[in-house]
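Number of protein chains: 4
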Amino acid sequence: MGEAHVICEDPPKEENYDGGYNSRSRKNSLWYEEEIDEGLKWTYSVSRVLHTGASQFQDIALLETQPFGKVLLLDGKMQSAEADEFVYHEALVHPALLSHPNPQTVFIMGGGEGSTAREVLKHKTIAKVVMCDIDKEVVDFCQMHLSVNRDTFQSKKLDVIIRDARLELEDCVEKFDIVIGDLADPMEGGPCNQLYTKAFYQNIVKSKLKNGGIFVTQAGPAGILSNLDVFPSIYHTLKQVFRYVIPYTTHIPSYSDVWGWVMASNTDYIYQNASDIDSIIKSRINASLKFMDGETYSGILKLNKQQRQM
Amino acid sequence: MGEAHVICEDPPKEENYDGGYNSRSRKNSLWYEEEIDEGLKWTYSVSRVLHTGASQFQDIALLETQPFGKVLLLDGKMQSAEADEFVYHEALVHPALLSHPNPQTVFIMGGGEGSTAREVLKHKTIAKVVMCDIDKEVVDFCQMHLSVNRDTFQSKKLDVIIRDARLELEDCVEKFDIVIGDLADPMEGGPCNQLYTKAFYQNIVKSKLKNGGIFVTQAGPAGILSNLDVFPSIYHTLKQVFRYVIPYTTHIPSYSDVWGWVMASNTDYIYQNASDIDSIIKSRINASLKFMDGETYSGILKLNKQQRQM
Amino acid sequence: MGEAHVICEDPPKEENYDGGYNSRSRKNSLWYEEEIDEGLKWTYSVSRVLHTGASQFQDIALLETQPFGKVLLLDGKMQSAEADEFVYHEALVHPALLSHPNPQTVFIMGGGEGSTAREVLKHKTIAKVVMCDIDKEVVDFCQMHLSVNRDTFQSKKLDVIIRDARLELEDCVEKFDIVIGDLADPMEGGPCNQLYTKAFYQNIVKSKLKNGGIFVTQAGPAGILSNLDVFPSIYHTLKQVFRYVIPYTTHIPSYSDVWGWVMASNTDYIYQNASDIDSIIKSRINASLKFMDGETYSGILKLNKQQRQM
Amino acid sequence: MGEAHVICEDPPKEENYDGGYNSRSRKNSLWYEEEIDEGLKWTYSVSRVLHTGASQFQDIALLETQPFGKVLLLDGKMQSAEADEFVYHEALVHPALLSHPNPQTVFIMGGGEGSTAREVLKHKTIAKVVMCDIDKEVVDFCQMHLSVNRDTFQSKKLDVIIRDARLELEDCVEKFDIVIGDLADPMEGGPCNQLYTKAFYQNIVKSKLKNGGIFVTQAGPAGILSNLDVFPSIYHTLKQVFRYVIPYTTHIPSYSDVWGWVMASNTDYIYQNASDIDSIIKSRINASLKFMDGETYSGILKLNKQQRQM
């Protein structure tokens, strides 16, 4: 007997004892899957679960992923990826601030992660940033675990308020040079929720902007095959309220899609040429930008034929 | 303008504001994927990450999964699933204990999860169970988070030792009625590691069994298309050392495979008929078994033609 | 410039020119995914699409898969895998034929693939096999492309009828020693369709069995965590009609589940012991069986405690 | 008995009989998975396998997919998706042709699919297009099955040659206004293969361009997180050979990445402004373009800061 049978006479090459019965020779892994559309999935490997938490609103998790580094999830939804959040946040913040002649005060609706405030605080002209997010646990979680934003949360210029941004903006007496919408897409709660309505822009946002103030908001997917319920509707809604409205887009790898933003103002200085932008960056920003410069700025403002036909 | 454009006049059906920019209308989920073989994957949905920890040996995680309830992972490897761990642990423990006329003392190599000890302690005859696992954090983690084993870890009869099971067994002067191998497959550290060698069975395990003692070990995958490096080699290795060696198998849903175990002894009373097993269960076990009884016992001992040809 | 830049001076190691623009260095593959349950997926790699066809009832495809060899799909549903179809078909056919003292005529409901007839024709006693499948294209496709069944379709003893099996059985005057149900699960068309009703068994199947005849049918998933709507209901329905009803199960790797069958008769000789089965196989079957023998037979007939409690 | 048991008295709601044993109540589907990077997958649902073929070089398949319509695969690699191939092909063809004052003759290396020739033939100035692809079966397959290119393959102006494009270009005596590289990435056969070397551009491509001729080639992934081995190396290699070299990029949804192309010439008229491009399109193109116009052209030519730093 035993001719073909393995009789284990020998000690092993290496000890490999994990006290469990089941470390089979099978490969195991954790994957984060995003169903971008029916029959279309975007999936990436999760190497470690770093931290988990929960608030009255949602579960919070910070994952270490293979392609995108640390990823922040709220209720299982990807909020931000270490590898490319700079693209989203530089695109959200700098076009508006660079277009404004002297931005000193900024109100951020949402943005509890801290990255939007981080980009705003790179501008020397900034005296005060109000970040108003409804979820205290998210803010605390990010302050504790997102090392890239640690200094931001320390900043004397940052005023963090835990409240519904709409109510806070409604009540506050102060006006701002820049109001930034760093909120969930309106699709979630119906065709468009109260932070994306004409009434909200007309009665609240507009009235809280100083003369020459600029409003900018993220505006959801904007790719050639994207579901375009959000981007065009935000654009056309803002067109009802502001004289100058500029949509712009760029590709965010971790979303596997092109993303859209819309800037709005009643002052037309929001159009700038590339070289002006470069000199403004040099004079006003004392940190380095990884994504934004004059050429980038003038490129992302040019939508392709498909996007413009929306 | 705007004929086809959504102008957001209306308030939303429901507030849905999560303070993040990116809760898109995309479905997101976390999946645990096991590569059972090249080109063959077994994947299940993870609804929540319940607890995470780490030891000097490995990462530890407890996940809530959709198909299998709570799942324990060590270094990303599935150890045990709430939905069917009873099948694995009843099959590991009861055939040997029910075959022995009066099992009083048991040594468990590994088994830090506590479920193997739980099944052993269902036998009224048991006076003492030694559970020897190398990883203290795993034992503490399971004691804290696996509520199903809470009473087990409280038991006066349970003696938990944190050490390499091989060294502990080597050093201990006591002998046991039953020795249970609840360890990782030998494939991990090479063709077969020191807890599966002929020398280990011959010089250590056998010498720590009382007269009529029985050794039983999990023996890896045993299905018709499984990688059969482990099961046959454990069987044939034990045949070199013990007079009576009985392989047996059953399907474990969460592994998506048939699993194997091997019982070995120098006394031939380990063959029992179904009705004897049923009466032994009635007389000795004061808890209910979900999987094991006489009919089950006699069924799992019968391998099919393919399995026997290994 | 160019210090860090690749300037391509050299010819390539190997030509690799495929006339397309897009053979990027990305790995690509085709996967067949079966959603076994919500949040539970069984997925395997498809190396080639071998043949495709279509009938009035369904699409037909034969795929080359990595783990299971050639796989037959009907309307995207896996029907049979080269690697382990022998387990399903030997388990469907031989217990009934081996239990019968002298099976000469067999009626197969469905079975257009040919594998069920193949197993039946291994029995020397067989004089005639009627295979009645509703889908001519499936039968033609399998006859052309499933080389393993080529001889079967050539057999003089095989009578292939293209028709609804229920109507055919109703109309035919002949009676049979064995009737085999190789049909879709009744779940598809509601709680149970006309080929699984008490009325069908009572009025049609039973009346077409010769004295001592045996009916056997596949009965769907039968694992510990399987959806058990089918297996128990077929068992209990047959119990209303036949005196002796025997459920049995075994694991089918390519389904990643344990499968069930039910044998029914009014004669109790369908219980056999292992050694009898072995001698019957020796005397009656002139081909080799890969899965079935006496030990296998007596093993698969023993359900575990969970299965019996259904 | 039977209290909890389903006894099937009733006929089914609907017949559902497919003559197979195994149409279980499980959902089944075919998926095409692209491993974009380690731990990052792009997966889409395949609703039907439309056509399959094979050549001496590769397998050919045309799949019907849920998110991207018909998809052409060569050796399992995605070549082209019905939903957005116009983006790739308009971006490959029109910038070069629109930059040239009077493009009459074009040589396409590869492009067997026919879509590149289709875009070229939209220009009224074109007198002759040579498409040189090595794989006859691919050309025949696309001619037969890609209805969108049917007219293109009928065109009197199209000259299809089945041969290695490098050898053909080397031997042909004619010179061209435009040479288009619609080939596999050089990464496949090593750091860069003979169709992407400085020697090839210098000695062959350049010498086959008429005065003021333009060479353009696809240049692989060009996103912020893309593997950038190809795009920069093609750019820097062409800079060694041509006086004016223009890289440009845009997002291709079905690749889930930003893609790059590089135009090269010794004449600097290849820089155009948006309004010039629009008027050239109006005067020269008698078909409609879905993606390209002046604004699009000037946008895709502006790389962002990250892309320019490559």
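For the record, the sequence lines run as chains P, C, V and H. Per the UniProt record's numbering: the first sequence = residues 1 to 310. Per the UniProt record's numbering: the second sequence = residues 1 to 310. Per the UniProt record's numbering: the third sequence = residues 1 to 310. Per the UniProt record's numbering: the fourth sequence = residues 1 to 310. Ideal Cβ positions, reconstructed from N, Cα and C, are used throughout, including at glycine. Note that the structure is predicted; figures quoted are calculated from it, not measured.
Secondary structure at N304/P, three-state DSSP: helix, strand or coil?
Numbered from its first residue, the first sequence carries residue 304/P at position 304. DSSP places N304/P in coil when its eight states are reduced to three.
If we cut at 9 Å on Cβ distances, does R308/C have a partner in chain V?
Translated into positions along the second sequence, residue 308/C becomes position 308. By this cut-off, R308/C is an interface position.
How close, in whole Å, do the beta carbons of A219/P and G260/P come, if the pair is a contact with beta carbons under 8 Å?
For this step, residue 219/P is matched to residue 219 along the first sequence. For this step, residue 260/P is matched to residue 260 along the first sequence. Sure, about 4 Å apart at Cβ, within 8 Å.
Using a Cβ-Cβ cut-off of 8 Å (strictly less than) and excluding sequence neighbours within five positions of W31/C, which residues of its own chain qualify?
As a working note, residue 31/C is residue 31 in the second sequence. Hits under 8 Å: T43, Y44, S45 and V46.
Determine, for Y248/V, whether the minimum Cβ-Cβ distance to residues of chain H falls below 9 Å.
By 1-based counting over the third sequence, the position of residue 248/V is 248. Answer no: the Cβ-Cβ gap between Y248/V and chain H never drops below 9 Å.
Consider the Cβ of L40/V: report whether some Cβ of chain C lies at a distance smaller than 9 Å.
Along the third sequence, one-based indexing puts residue 40/V at 40. With 9 Å as the cut-off, L40/V counts as an interface residue toward chain C.
Rounded to a whole number of angstroms, what is the C-alpha to C-alpha distance between T65/H and I126/P?
The residue labelled residue 65/H in the question sits at position 65 within the fourth sequence. The residue labelled residue 126/P in the question sits at position 126 within the first sequence. Their Cα atoms are separated by approximately 50 Å.
Run through DSSP, which three-state label would Y244/V get?
If you number the third sequence from 1, residue 244/V lands on position 244. Strand, per DSSP.
Here's a check: name, in chain order, each residue in its chain whose Cβ is nearer than 7 Å to the Cβ of S29/P, leaving out the five neighbours to either side.
Taking the first sequence and counting its residues from 1, one reaches residue 29/P at position 29. Correct list, in chain order: S45.
Under DSSP, the beta strand (DSSP E) around Y32/C begins and ends at which residues?
Residue mapping note: residue 32/C aligns to position 32 of the second sequence, counting from 1. Y32/C -> beta strand (DSSP E) spans K27 to D37.
Use the C-beta contact count for L303/C: other C-beta atoms within 10 angstroms, 16 or more gives buried, fewer gives exposed.
Residue numbering aside, residue 303/C sits at position 303 when the second sequence is read from its first letter. Buried: at least 16 other Cβ atoms inside 10 Å.
Hey, is T52/P's beta-carbon within less than 9 Å of any beta-carbon in chain C?
Within the first sequence, the letter at position 52 stands for residue 52/P. Output row for T52/P: interface = yes.
For K124/V, does the count of other Cβ atoms within 10 angstroms reach 16, so buried, or fall short, so exposed?
Counting from one through the third sequence, the residue named residue 124/V turns up at place 124. Per the 10 Å Cβ criterion, exposed.
Near K210/P, which residues of its chain fall below 7 Å by C-beta distance, leaving aside the five closest residues on each side in sequence?
Along the first sequence, one-based indexing puts residue 210/P at 210. K175, F176 and D177.
Show which residues of chain V have a CB atom less than 9 Å away from the CB atom of F242/C.
As a first step, residue 242/C must be located in the second sequence, where it is residue number 242. Here the premise fails: no neighbours, minimum Cβ distance about 22 Å.
Cα-Cα separation between K156/V and M144/V, rounded to whole angstroms:
Here residue 156/V is taken as the residue at index 156 of the third sequence, counted from 1. Here residue 144/V is taken as the residue at index 144 of the third sequence, counted from 1. So the alpha carbons of these two residues sit roughly 17 Å apart.
What number of angstroms, rounded off, separates the C-alpha of H51/P from the C-alpha of M109/V?
Sequence index remark: in the first sequence, residue 51/P carries index 51 (1-based). Sequence index remark: in the third sequence, residue 109/V carries index 109 (1-based). Approximately 57 Å, taken between the alpha carbons.
Using a Cβ distance threshold of 8 Å, determine whether the region 78 to 88 of chain C contacts the region 220 to 227 of chain V, with at least three qualifying pairs required.
yes
At the level of alpha carbons, what is the spacing between L195/H and D133/H?
Position 195 of the fourth sequence, counted from the first residue, corresponds to residue 195/H. Position 133 of the fourth sequence, counted from the first residue, corresponds to residue 133/H. Distance between the alpha carbons of L195/H and D133/H is about 13 Å.
Shorter than 8 Å, the distance from the beta carbon of R48/P to the closest heavy atom of the ligand NAP, or not?
Judged by which ligands are present, the structure shown has none, so any question about the ligand NAP falls away.
With DSSP run on the structure shown, which of helix, strand or coil describes M310/H?
Within the fourth sequence, residue 310/H is the residue found at index 310, counting from 1. M310/H falls in the coil class under three-state DSSP.
Taking 9 Å as the CB-CB limit, is N304/C close to chain V?
Residue mapping note: residue 304/C aligns to position 304 of the second sequence, counting from 1. Yes, N304/C lies at the interface with chain V (some Cβ there is under 9 Å from its Cβ).
Own chain, CB closer than 8 Å to P232/C, minus 5 neighbours either side, in chain order
Reading the second sequence from its first residue, position 232 is the one you call residue 232/C. The residues are M310.
What are the residues in the region 81 to 97 of chain V lying within 7 Å of chain H by C-beta distance?
none
Just curious, the alpha helix (DSSP H) that A165/C is in, first and last residue?
On the second sequence, residue 165/C is found 165 positions in, with the first residue counted as 1. From DSSP, the alpha helix (DSSP H) with A165/C extends over A165 to D171.
For K305/H and S292/P, believed in contact at Cβ under 8 Å, the rounded distance:
Sequence index remark: in the first sequence, residue 292/P carries index 292 (1-based). Sequence index remark: in the fourth sequence, residue 305/H carries index 305 (1-based). The amino acid occupying residue 292/P in the given sequence is Met; Ser does not appear at that position. About 7 Å separates the two Cβ atoms, so the contact holds.
Alpha carbon to alpha carbon, how far is S23/V from E119/H?
Along the third sequence, one-based indexing puts residue 23/V at 23. Along the fourth sequence, one-based indexing puts residue 119/H at 119. A caution first: S23/V carries a pLDDT of 36, below 50, which makes its placement in the model unreliable, though a value can still be read off. S23/V and E119/H: Cα-Cα distance of roughly 21 Å.
S45/H by DSSP, collapsed to three states: which one?
Within the fourth sequence, numbered from 1, the residue matching residue 45/H stands at position 45. Reduced to three states, the DSSP call for S45/H is strand.
Simplified DSSP assignment, three categories, for I126/V
For the purposes of this step, residue 126/V is taken as the residue at position 126 of the third sequence. Here I126/V sits in coil by DSSP.
Mind checking K13/C: buried by the 16 CB within 10 Å criterion, or exposed?
Numbered from 1 along the second sequence, position 13 holds the residue referred to as residue 13/C. Note that K13/C scores a pLDDT of 36, beneath 50, so its modelled location is shaky; the value from the coordinates is reported in the next line. Result: exposed.
Output needed in chain order: residues of the region 122 to 150 of chain C with a Cβ under 7 Å from some Cβ in chain P.
D133, I134, D135 and V138
Please confirm if W261/P has its CB atom under 9 Å from at least one CB of chain H.
Here residue 261/P corresponds to residue number 261 of the first sequence, with the count starting at 1. No, no contact with chain H.
For D159/P, count the other beta carbons within 10 Å of its own beta carbon; 16 or more makes it buried, fewer makes it exposed. Which is it?
The residue labelled residue 159/P in the question sits at position 159 within the first sequence. Exposed: under 16 other Cβ atoms inside 10 Å.
Proximity below 9 Å, CB of residue 319/C to CB of A61/C
Outside the displayed range of chain C (1 to 310) lies residue 319/C, so it cannot be described from this structure.
Does DSSP put P95/H in a helix, in a strand, or in coil?
In the fourth sequence, the residue the question calls residue 95/H occupies position 95. Correct three-state label for P95/H: helix.
Cβ-based neighbour list, H251/H, same chain, cut-off 6 Å, excluding 5 preceding and 5 following
As a working note, residue 251/H is residue 251 in the fourth sequence. Same-chain partners within the cutoff: V258.
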